[in-house]
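Quick note, the sequences are listed as chains A and B, same order.
For the first sequence, full-length UniProt numbering assigns the number 1 to the initial residue and increments by one for each residue that follows.
For the second sequence, full-length UniProt numbering assigns the number 1 to the initial residue and increments by one for each residue that follows.
Yeah, the Cβ is synthetic: ideal placement off N, Cα and C, and Gly gets one too.
Below is one structure, written out as structure tokens, with a few remarks after it.
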Amino acid sequence: MLNILWEKLKSLLKIVFYIGKGISNLPDYEAYVKHLKEKHPDQTPPTEKEFFVELLENKYGANAKRCC
Amino acid sequence: MELQRNVQAKKKNPFLKALLWIGIALAGGIALSIIALQRDEKINAIWFVVASLCTYAIAYRFYARFIATKIFSLNKNNATPAERYADGKDYVPTNKWVLYGHHFAAIAGAGPLVGPTLAAQMGYLPGTIWIIVGAVLAGAVQDFVILIISMRRRGKSIGQIAKEEIGPVGGMLALIGVFAIMVILIAVLALVVVNALKSSPWGTYTIAMTIPIALFMGVYMRYLRPGRVGEASIIGFGLLIFALVSGQWVADSPTLAPLFTFDGETLAWMLIVYGFLASVLPVWMLLAPRDYLSTFLKVGVIGMMALGILIVMPEIQMPALTKFIDGTGPVFAGNLFPFLFITIACGAISGFHALISSGTSPKLIANEQHAPMIGYAGMLTESFVAIMAMVAATLLTPGIYFAINSPGAAIGTDVATAATTISSWGFTVSADEINELAKNVDEESILSRTGGAPSLAVGIAQIFSQVIGGPQLMAFWYHFAILFEAVFILTTIDAGTRVGRFMLQDLLGQIYKPLRKTDSMPAVYFTSALVVAGWGYFLVVGVTDPLGGINTLWPLFGIVNQMLAAIALIVATTVILKMGKKKFVWVTLVPLAWLMIVTFYAAWQKIFSDIPKIGFLKQAEVMKEAIASGNLPATVPSMEAAKQLVFNSTLNAYLTAIFMLLILGVLIDAMRIWYKAIKSEKPLETSEEPFVQTKLGDVS
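Right, here's the structure in full:
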């Protein structure tokens, strides 16, 4: 019973995090790796940490526009 | 696929569908007429909700679709940049609901909360009508059309589009305009925060705590659990609530409270140092974590506000119109026309949105037919936020509203004088009422807390405490609302300073190359310092202004923001004409003409008006005379300060004039193209990318 509840909670959290990431405009690491494997199989994908760091620098670069 | 689904539904049952829309139109019409015509009895806030939502629904269903099909022929088969340039990072096809949330969070900030609060001094009616009509016919149209134009051009920015569709001169002027608005925007928002935190140990402590909390979240997301934004945000939110609760202990403690009690000038300097640090520090440390926190907080609190209004159904206390439509009001100076339309910028139309609509959103949109929901409905949602802010301002007793929002120069600096002055305007309020409210929200004083944030916080606290906690929790909810506004204003300050720094590096880099390097410490420090000095100057001036600062800075911000909207609409009009859609050009031309009239009339008055409260030049003149005669007004402490005021007013006058010339430059440059496009029989060539068949399946 608790197990089922826990599973349900986990999948719910997954959806919440997905929406949260989307609203903060954070792309998915796994989706990026998948994209690289399909389109550029010659490139080594970055680790999750590298991906995250590079992405932040990029996101708050010249285009981090935020309205009033 | 929503449009398509609607079409199918219509085929299935056209009669029911028509009936539904007639019903919505009727409900909206009734609600609007109740708002407009009710005079003697108090009106319930629920009518504002019904009127706005029904109008939005009709506009979205009919007007947005009209623009989508007749002008741009949105095509579900045309691949969007997210598909054409898919790279898994910047260009990612995104679920339309998620993107709608992202777009909304990026466009909505303190603007739609502050503007309506200030505009409430003229009564609830003019502001409410402008928020609804302006959004439907101008603001949402701008956001939507720019989104489509950018989406058809690889998600290019409005500056680049202006350059390609109008010419290098128009493009350059647009860029300078964007930079200028950034500087003034940051200054005025920082001033809102300063006024909210002035002599408020609870508020100051809570906001100060957000810095270590953000740092912790940054370390967590970078070293402890890379990329776990959700976890970090939950922990961060927990800590934030703790900071809020412990803020009361700090405020009640005789030893700790003085440590967090500052005057306006000190707070202004702290913000300036903070802005500089946020611009030069790596983003993962401070900026990114604060951004997540503020995004979630923003979406959450706005949802709570909507629910709260629906549950409590408060009655509006402010009359429909006050005598201050004649321009003599204490909150901001100037007549209803044009100044109401400048005061409420965000929420009705905001030029800044053109930057977002031509920024990340067009690169994430999965299908062309999602554009109405992102661009048009995104702005409608912001307009609704403005309506809620109007409700929160007008549910206060008018006397209390004016006590919070009028500067000391207008009502005096002690409670007794303020109560007498405000009562003499016809808004009865007693000194006891003012003192009791201050006690209830656990603040030293609520007098002359201009800037809109404290007033909104009192409104929110009144609604929330009726749902949860009763009067005992009033102080908690008040500081919760202050925290909510301050956190996302600080995010705008961080991110804005940083973006401003990048723009300046780009701009100055054209003159002196080494400044362009974003990894060169001297270049980064130098340009960051310049940007901070720019907005810091206006902030300090605002804090020390005897009229309360907001009085001067907010109209300046409104004018610049509306002028940026004019630039966006000029670009949009150019593209529509070049596409050969002459007969539909009124869609952007009418709002453009309105904005030009409003901003130019307002700017002209700000410069040349004979009334010192309005005209910058007259202000300078009056102050000069005072210096010459040696008789300074009681609110000006020294000769030095008086000379500074002369300089500030003169500078503001020149700035306003420069903005006017800037817009005229863009307009004239664009009219060259308009003439060509109107004379041409065929559509002119634009930079729109050719059709590419989408390979994505059903991506609704």
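Assigned exposure category for residue i - 16 Cβ within 10 Å defines buried
{"i": "residue 103(B)", "result": "buried"}
{"i": "residue 561(B)", "result": "buried"}
{"i": "residue 94(B)", "result": "buried"}
{"i": "residue 83(B)", "result": "buried"}
{"i": "residue 497(B)", "result": "buried"}
{"i": "residue 499(B)", "result": "buried"}
{"i": "residue 16(B)", "result": "exposed"}
{"i": "residue 39(B)", "result": "exposed"}
{"i": "residue 675(B)", "result": "exposed"}
{"i": "residue 436(B)", "result": "exposed"}
{"i": "residue 225(B)", "result": "exposed"}
{"i": "residue 7(B)", "result": "Residue confidence is low: residue 7(B) scores 49 on pLDDT, short of 50, so the model does not pin down where it sits. Its coordinate-derived value is still stated next. By the neighbour-count rule (16 or more Cβ atoms within 10 Å), residue 7(B) is not buried but exposed."}
{"i": "residue 586(B)", "result": "exposed"}
{"i": "residue 367(B)", "result": "buried"}
{"i": "residue 202(B)", "result": "buried"}
{"i": "residue 266(B)", "result": "exposed"}
{"i": "residue 10(B)", "result": "Confidence at residue 10(B) is low in this model, with a pLDDT of 47, below 50, so its placement is unreliable and the value that follows should be read with caution. It is exposed - the Cβ of residue 10(B) has fewer than 16 other Cβ atoms within 10 Å."}
{"i": "residue 121(B)", "result": "buried"}
Beta-carbon spacing of residue i, residue j below 8 angstroms
{"i": "residue 351(B)", "j": "residue 565(B)", "result": "yes"}
{"i": "residue 533(B)", "j": "residue 338(B)", "result": "no"}
{"i": "residue 166(B)", "j": "residue 150(B)", "result": "no"}
{"i": "residue 570(B)", "j": "residue 670(B)", "result": "yes"}
{"i": "residue 620(B)", "j": "residue 646(B)", "result": "yes"}
{"i": "residue 483(B)", "j": "residue 259(B)", "result": "no"}
{"i": "residue 227(B)", "j": "residue 285(B)", "result": "no"}
{"i": "residue 71(B)", "j": "residue 581(B)", "result": "yes"}
{"i": "residue 361(B)", "j": "residue 374(B)", "result": "yes"}
{"i": "residue 355(B)", "j": "residue 178(B)", "result": "yes"}
{"i": "residue 301(B)", "j": "residue 489(B)", "result": "no"}
{"i": "residue 416(B)", "j": "residue 446(B)", "result": "no"}
{"i": "residue 126(B)", "j": "residue 256(B)", "result": "no"}
Contact list for residue i against chain B, beta-carbon separation under 7 angstroms
{"i": "residue 56(A)", "result": "283, 284, 288"}
{"i": "residue 25(A)", "result": "102, 360"}
Within chain B, partners of residue i - CB distance below 8 angstroms
{"i": "residue 11(A)", "result": "Residues of chain B passing the Cβ test: none, with the nearest at roughly 14 angstroms."}
Contacts of residue i in chain A (Cβ-Cβ under 7 angstroms)
{"i": "residue 292(B)", "result": "24"}
Straight-line gap, residue i to residue j (C-alpha atoms, nearest Å)
{"i": "residue 655(B)", "j": "residue 14(A)", "result": "50 angstroms"}
{"i": "residue 390(B)", "j": "residue 45(A)", "result": "50 angstroms"}
{"i": "residue 626(B)", "j": "residue 197(B)", "result": "32 angstroms"}
{"i": "residue 319(B)", "j": "residue 407(B)", "result": "21 angstroms"}
{"i": "residue 29(A)", "j": "residue 18(A)", "result": "12 angstroms"}
{"i": "residue 290(B)", "j": "residue 297(B)", "result": "10 angstroms"}
{"i": "residue 315(B)", "j": "residue 477(B)", "result": "20 angstroms"}
{"i": "residue 439(B)", "j": "residue 459(B)", "result": "15 angstroms"}
{"i": "residue 591(B)", "j": "residue 348(B)", "result": "11 angstroms"}
{"i": "residue 578(B)", "j": "residue 152(B)", "result": "14 angstroms"}
{"i": "residue 189(B)", "j": "residue 110(B)", "result": "8 angstroms"}
{"i": "residue 505(B)", "j": "residue 443(B)", "result": "43 angstroms"}
{"i": "residue 691(B)", "j": "residue 74(B)", "result": "11 angstroms"}
{"i": "residue 68(B)", "j": "residue 55(B)", "result": "18 angstroms"}
{"i": "residue 132(B)", "j": "residue 52(B)", "result": "6 angstroms"}
{"i": "residue 3(B)", "j": "residue 369(B)", "result": "Here the model assigns residue 3(B) a pLDDT of 47, short of 50, so the residue's position is not dependable and the matter cannot be decided."}
{"i": "residue 283(B)", "j": "residue 66(B)", "result": "42 angstroms"}
{"i": "residue 137(B)", "j": "residue 37(A)", "result": "46 angstroms"}
{"i": "residue 379(B)", "j": "residue 147(B)", "result": "12 angstroms"}
{"i": "residue 91(B)", "j": "residue 559(B)", "result": "34 angstroms"}
Chain-ordered neighbours of residue i on chain B, where CB pairs are closer than 9 angstroms
{"i": "residue 15(A)", "result": "Per Cβ cutoff of 9 angstroms: no residues; residue 15(A) is ~11 angstroms from chain B at best."}
{"i": "residue 49(A)", "result": "222, 223, 226, 227"}
{"i": "residue 19(A)", "result": "95, 97, 98, 101"}
Contact list for residue i against chain A, beta-carbon separation under 8 angstroms
{"i": "residue 95(B)", "result": "22"}
{"i": "residue 279(B)", "result": "The contacting residues do not exist; residue 279(B) stays about 10 angstroms from chain A at best."}
{"i": "residue 135(B)", "result": "None at all; the shortest Cβ gap to chain A is about 14 angstroms."}
{"i": "residue 233(B)", "result": "20"}
{"i": "residue 230(B)", "result": "13, 16, 17, 20, 21"}
Partner residues on chain C for residue i, Cβ-Cβ distance less than 8 angstroms
{"i": "residue 36(A)", "result": "In summary, chain C is missing from the structure at hand, where the protein chains are A and B."}
Contacts of residue i in chain A (Cβ-Cβ under 9 angstroms)
{"i": "residue 301(B)", "result": "Residues of chain A passing the Cβ test: none, with the nearest at roughly 14 angstroms."}
{"i": "residue 603(B)", "result": "The premise fails here: residue 603(B) is roughly 19 angstroms from chain A at the closest Cβ pair, so nothing lies under 9 angstroms."}
Which runs of the alpha helix (DSSP H) fall wholly inside the region 296-352 of chain B and span at least 4 residues, in chain order? Within the region 296-352 of chain B, the complete alpha helix (DSSP H) runs of at least 4 residues are 336-343.
For a minimum of 4 consecutive residues, which ranges assigned as the alpha helix (DSSP H) are wholly contained in the region 88-143 of chain B? 96-107, 111-119, 124-134
So within the region 454-531 of chain B, which uninterrupted alpha helix (DSSP H) runs reach at least 4 residues, ignoring any that extend past its ends? Within the region 454-531 of chain B, the complete alpha helix (DSSP H) runs of at least 4 residues are 474-509.
At 3 residues or longer, and completely inside the region 624-671 of chain B: list those beta strand (DSSP E) runs for me, N to C. none
Counting only runs that start and end within the region 408-449 of chain B, where is the alpha helix (DSSP H) found for 4 or more residues in a row? 408-411, 415-424, 431-440
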